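Participant:
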Amino acid sequence: MLKLTIDNKAVEVPPGTSVWQAAKAAGIDIPTMCYFEGSEHFTSCMVCLVKDGASGKLYASCSTPAEEGQVVVTNDQETHEARVAALELLLSEHVGDCEAPCQLVCPAHMNIPLMNRLIAAGDFAGALKVVKRDIAIPTILGQICPAPCEAGCRRKQVDEAVSICLLKRITGEEDLNCETPYWPEIAAPTGKRVAVIGSGPAGLSAAWYLQLGGHQVTIFEKDGRAGGDLLKIAGDVLSGEMMEKEIAYILSSGIEILYRKEVDETSFAKIVEEYDAVVVAVGTLKEGIPSFGLTRGAQGIVVEKQSFLTTTPKVFAIGNALRSSKLAVRSAGQGKEVAAVITDFLKTGSVKPYQERFSSKFGKLADIEFEQYLKDAEPTARQQSGREGFSREVAMVEAKRCMHCDCRNPESCLLRELSDRYQVSQRRFSSPDRKMVEKLIHREGIVYEPNKCIKCGICVRLTKQHGEEFGFTFIGRGFDVKVGVPFNETVQKGLSKTAAMVAKNCPTGALAMFREEEQM
Ligand code: SF4
Ligand code: SF4
Ligand code: SF4
Ligand code: FES
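Each step along the sequence shown adds one to the number in my numbering, with nothing skipped, and position 200 is 200.
(1) In this structure, does DSSP put GLN103 in helix, strand or coil?
(2) Does the beta-carbon distance from ASN409 to LYS435 come in below 7 Å?
(3) Would you kindly report the start and end of the unbroken alpha helix (DSSP H) that includes ASP175?
(4) Would you mind sorting HIS404 into buried or exposed? The rule is 16 or more other CB atoms within 10 Å of its CB.
(5) Can you tell me the Cα-Cα spacing of GLU518 and SER431, whole angstroms?
(6) Would the beta-carbon of VAL437 be found less than 6 Å away from any heavy atom of ligand 2?
(7) Could you tell me which uninterrupted beta strand (DSSP E) segments, each at least 3 residues in length, are contained entirely in the segment 439-468, listed from first to last along the chain?
(8) For the beta strand (DSSP E) holding ALA269, just list the boundary residues, first then last.
(9) Please state the DSSP three-state secondary structure of ASP223.
(10) Between which two residues does the alpha helix (DSSP H) carrying LYS79 extend?
(11) Is there contact here, the segment 42-50 with the segment 380-390, by at least three beta-carbon pairs under 8 Å?
(12) Taking CYS145 as the reference, give the member of VAL13, LEU414, GLY333 with the closest Cα.
(13) Distance, Cα to Cα, MET520 vs THR5?
(14) Going by the CB atoms, is the gap between LEU87 and VAL483 shorter than 7 Å?
(15) Are the CB atoms of ALA82 and GLY198 nearer to each other than 7 Å?
(16) Return helix, strand or coil for GLN216, following the three-state DSSP convention.
(17) Taking the continuous alpha helix (DSSP H) assigned at GLY471, which residues delimit it?
(18) At what residues does the alpha helix (DSSP H) containing ALA10 begin and finish?
(19) May I ask you to list the residues that DSSP assigns as paired with GLU256?
(20) Please check the pair GLY240 and ALA234, which I expect to be a contact at CB under 8 Å, by giving their CB distance rounded to whole angstroms.
(21) What is the C-beta distance between ILE137 and PRO201, in whole angstroms, given that I count them as a contact (C-beta under 8 Å)?
(22) On the DSSP bridge list, what partners appear for MET513?
(23) Considering only DSSP beta bridges, list what TYR59 is partnered with.
(24) CB-CB under 7 Å to VAL130, same chain, minus the five flanking residues each way: which ones, in chain order?
(25) Taking the C-alpha atoms as reference points, what is the distance between PHE124 and HIS215?
(26) What is the DSSP secondary structure of SER18, counted as helix, strand or coil?
(27) Should LEU294 go down as buried or exposed, given a rule of 16 or more other Cβ atoms within 10 Å for buried?
(28) Which term fits GLY172, buried or exposed, when burial requires 16 or more other beta carbons within 10 angstroms of its beta carbon?
(29) With which residues is GLY389 paired in a DSSP beta bridge?
(30) With distances taken from CA atoms, which of MET501, VAL263, GLN70 is nearest VAL22?
(31) What does DSSP give as the partner residues of ILE301 in its beta bridges?
(32) Report, in whole angstroms, the separation of the C-beta atoms of LEU167 and ILE186, which I expect to be a contact under 8 Å.
(33) Please determine whether the Cβ atom of MET242 lies at a distance below 6 Å from any heavy atom of ligand 4.
(34) Got a sec? Which residues, its chain only, sit under 8 Å from VAL397 by beta carbon, not counting five neighbours each side?
(35) So which of LEU90, HIS41, PRO14, GLU68 has the shortest CA-CA distance to PHE429?
(36) Given 8 Å as the limit, is there contact between the segment 177-193 and the segment 359-368, that is, 3 or more CB pairs closer than that?
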């Protein structure tokens with residue numbers, strides 16, 4: 001056996017073990033991307049760098065054999081910075097958007113392209129599940145939202161934006177009108193109680209996601225009906241019947257609502273004492289409306305950016321109480337975010353900012369790149385609708401106009417996960433001349449985007465091991481080397497029997513299944 005020290009821990013491993021394997025055996029986690037257990041090393045990504053304790057040199061742990069007496073450092077500032085630089089170099093030539101522009105500009109950050117793919121396939125129930133991850137009130141917002149997401153839609157540069165808002169609306173309506181509406185899983189009861197003051201879009205959304213988090217929510221509503229500012233437009237631009245249905249559905253999750261409970265400074269202090277957390281969602285603070293002793297700025301209640309914590313411990317504020325806005329979707333999005341912050345606070349005792357995941361962005365599409373995106377979209381014109389919204393058939397036609405500007409593998413992509421973990425900057429090594437987007441789509445199988453490939457060679461090794469006739473190989477030399485199918489053959493031919501396996505093991509979204517929604 002070989003004896004070595006990793007992060008001051010004595011480790012014993014048999015000869016032939018790599019430093020990475022030795023660290024793993026000792027319970028020490030070193031990230032990898034190009035390493036693939038059971039196949040030869042390729043040593044290309046350099047995210048597994050560690051330091052030799054004696055010489056101070058950095059080396060790749062995945063391909064370096066463990067040695068007797070070796071001293072290994074895996075977790076100091078220098079190894080951290082080296083891994084950050086390795087990731088930033090990979091990202092500098094990475095032509096991929098983890099999330100589509102529409103999703104990035106949606107204040108609730110909804111996964112729009114995935115919703116569109118499910119609607120296009122006729123799976124309205126699946127689409128609703130996707131919507132409900134981020135939006136508690138799709139039917140209401142589908143009627144009143146001015147759709148900032150559509151302003152960010154790339155299809156606008158071809159003809160007109162995808163009608164995202166109406167697509168979201170039909171998922172909500174279909175669900176509310178069916179016999180057994182969808183119920184997301186409700187977490188086991190935490191024994192914590194949260195008070196929400198106000199039942200407009202912000203309060204209802206916060207209450208819904210908090211209740212789903214296993215907390216017991218009580219809403220204090222000053223009127224005799226829930227809805228807050230929505231009540232002013234119900235029956236006008238907003239169908240009162242559908243609004244009531246959606247609110248009743250939210251409340252039936254077990255939320256307690258106390259009507260005609262005007263909260264003043266004295267009762268507020270009692271609520272704060274009695275509950276584990278409080279969310280103030282009272283709408284625009286007009287003169288004379290109490291702000292419960294919370295610090296008020298020029299626009300509304302002052303909160304910490306991204307955590308919504310006010311100057312009073314365990315009291316959070318969201319929605320128009322912070323700044324008056326006509327965007328109910330912003331309030332709804334903040335409801336979801338504050339619920340996540342509070343759930344974490346009730347578990348850990350500390351308030352941390354709500355953080356979106358790392359998202360790779362390559363910037364504007366060049367005109368010639370639209371051709372690549374339109375491979376995945378129908379050329380039809382934007383569908384029109386009356387006040388009643390889309391029918392299922394029209395919605396499916398409209399959803400097929402989406403160009404799917406997102407990545408097909410955003411959940412399990414290691415490049416994204418590590419970029420998030422190491423808080424990297426994509427701009428540090430970026431150059432203005434990026435490579436062009438290229439999408440090779442096989443509708444029954446795989447999508448290959450060569451310029452998201454980090455040339456780890458995993459697909460090359462796997463297709464060889466599994467006896468593919470063509471497989472994937474390295475094409476060209478030096479900086480211009482590419483990974484692809486030899487002899488200009490198609491991706492289908494290259495991956496005739498290994499498509500699902502290589503998609504699963506590709507550490508990025510370069511190779512992904514075309515119908516990723518089937519894996520939901
Ligand atoms: S491959 Fe990974 S990092 Fe790149 S766009 Fe897709 S999810 Fe984002
Ligand atoms: S085309 Fe689809 S994915 Fe692209 S921005 Fe528009 S709605 Fe989003
Ligand atoms: S396409 Fe192949 S070489 Fe490129 S990142 Fe994926 S597995 Fe690695
Ligand atoms: S170089 Fe070691 S995992 Fe890539």
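No residue lacks a Cβ here, since even glycine has one placed at the ideal position from N, Cα and C.
Every value quoted in this text rests on a predicted model; they were computed, and no experiment measured them.
Facilitator: With the given structure in hand:
(1) Along the sequence shown, one-based indexing puts residue 103 at 103. Helix at GLN103.
(2) Walking along the sequence shown from the start, residue 409 turns up at place 409. Walking along the sequence shown from the start, residue 435 turns up at place 435. No.
(3) Start at 1 with the first residue of the sequence shown, and residue 175 comes out as number 175. Annotation: the continuous alpha helix (DSSP H) that includes ASP175 extends over 164-176.
(4) For this step, residue 404 is matched to residue 404 along the sequence shown. Here HIS404 is buried, its C-beta having at least 16 other C-beta atoms within 10 Å.
(5) What you label residue 518 is simply residue 518 of the sequence shown in a count that begins at 1. What you label residue 431 is simply residue 431 of the sequence shown in a count that begins at 1. Confidence at GLU518 is low in this model, with a pLDDT of 45, below 50, so the placement of that residue should be treated as unreliable; the coordinate-derived value is given next. Distance between the alpha carbons of GLU518 and SER431: 37 Å.
(6) Translated into positions along the sequence shown, residue 437 becomes position 437. No, ligand 2 has no heavy atom inside 6 Å of this Cβ.
(7) Complete beta strand (DSSP E) runs here, min 3: 446-448.
(8) Along the sequence shown, read from residue 1 onward, the residue named residue 269 stands at position 269. Membership of ALA269 in any beta strand (DSSP E) is not indicated; the residue belongs instead to the alpha helix (DSSP H) covering 265-274.
(9) For the purposes of this step, residue 223 is identified with residue 223 of the sequence shown, where counting begins at 1. In the three-state reduction of the DSSP assignment, ASP223 falls in the coil class.
(10) By one-based count along the sequence shown, residue 79 stands at place 79. Looking at the sequence itself, residue 79 is Thr, so the reference to Lys does not match. Where THR79 is concerned, the enclosing alpha helix (DSSP H) stretches over 77-92.
(11) As far as the Cβ criterion goes, the segment 42-50 does not touch the segment 380-390, which means the pair count is below three.
(12) Here residue 145 refers to the residue found at position 145 of the sequence shown. Of VAL13, LEU414, GLY333, the smallest CA-CA separation from CYS145 is found for GLY333.
(13) Translated into positions along the sequence shown, residue 520 becomes position 520. Translated into positions along the sequence shown, residue 5 becomes position 5. Any reading at MET520 must be qualified, since the residue scores a pLDDT of 49, below 50, and its modelled position is unreliable; no value is offered.
(14) Counted from its first residue, the sequence shown places residue 483 at position 483. Counted from its first residue, the sequence shown places residue 87 at position 87. Contact: no.
(15) Looking up residue 82 in the sequence shown gives position 82. Looking up residue 198 in the sequence shown gives position 198. In this structure, GLY198 does not lie closer than 7 Å to ALA82 by Cβ.
(16) Position 216 of the sequence shown, counting from 1, holds the residue named residue 216. Residue state, collapsed to three classes: strand.
(17) Locating residue 471 in the sequence shown gives position 471, where the first residue counts as 1. It is not in any alpha helix (DSSP H) - GLY471 carries neither H nor E in the DSSP assignment.
(18) Position 10 of the sequence shown, counted from the first residue, corresponds to residue 10. Not the alpha helix (DSSP H): ALA10 falls in the beta strand (DSSP E), residues 9-13.
(19) Sequence index remark: in the sequence shown, residue 256 carries index 256 (1-based). Answer by DSSP bridge pairing, in chain order: THR218.
(20) As a working mapping, residue 240 is identified with position 240 in the sequence shown. As a working mapping, residue 234 is identified with position 234 in the sequence shown. A Cβ-Cβ separation of about 4 Å places GLY240 in contact with ALA234 under the 8 Å criterion.
(21) Taking the first residue of the sequence shown as position 1, residue 137 is located at position 137. Taking the first residue of the sequence shown as position 1, residue 201 is located at position 201. Contact between ILE137 and PRO201 holds, since their C-beta atoms are separated by about 6 Å, short of 8 Å.
(22) One-based indexing of the sequence shown puts residue 513 at position 513. Its beta-bridge partners are ILE446.
(23) Translated into positions along the sequence shown, residue 59 becomes position 59. TYR59 pairs with VAL50.
(24) Residue 130 sits at position 130 when you count from the first residue of the sequence shown. Around VAL130: ASN111, LEU114, MET115, LEU118.
(25) One-based indexing of the sequence shown puts residue 124 at position 124. One-based indexing of the sequence shown puts residue 215 at position 215. Our two residues, PHE124 and HIS215, have alpha carbons roughly 29 Å apart in a direct line.
(26) Your numbering for residue 18 matches position 18 in the sequence shown. If DSSP states are grouped into helix, strand and coil, SER18 belongs with the strands.
(27) Locating residue 294 in the sequence shown gives position 294, counting from the first residue. Only buried fits LEU294, as 16 or more other CB atoms lie within 10 angstroms of its CB.
(28) Sequence index remark: in the sequence shown, residue 172 carries index 172 (1-based). Buried, by the Cβ-count rule.
(29) As a first step, residue 389 is located in the sequence shown; it is residue number 389 there, counting from the start. For GLY389, which the question treats as bridged, DSSP gives the partners GLY386.
(30) Stepping through the sequence shown from its first residue, residue 22 is reached at position 22. What sits at residue 22 in the sequence shown is Ala, not Val. Residue GLN70 is the option with its Cα nearest to ALA22.
(31) Position 301 of the sequence shown, counted from the first residue, corresponds to residue 301. ARG296.
(32) Along the sequence shown, read from residue 1 onward, the residue named residue 167 stands at position 167. Along the sequence shown, read from residue 1 onward, the residue named residue 186 stands at position 186. The distance from the Cβ of LEU167 to that of ILE186 is about 27 Å, inconsistent with a contact at the 8 Å cut-off.
(33) Position 242 of the sequence shown, counted from the start, is the residue given in the question as residue 242. Outside the cutoff, so no.
(34) Here the question's residue 397 lines up with position 397 in the sequence shown. Answer for VAL397: GLU378, THR380, GLN383, listed in chain order.
(35) On the sequence shown, position 429 is the one that residue 429 refers to. Distance check between PHE429 and each of LEU90, HIS41, PRO14, GLU68 places LEU90 closest, using alpha-carbon atoms only.
(36) Counting Cβ pairs under 8 Å, fewer than three are found: no touch.
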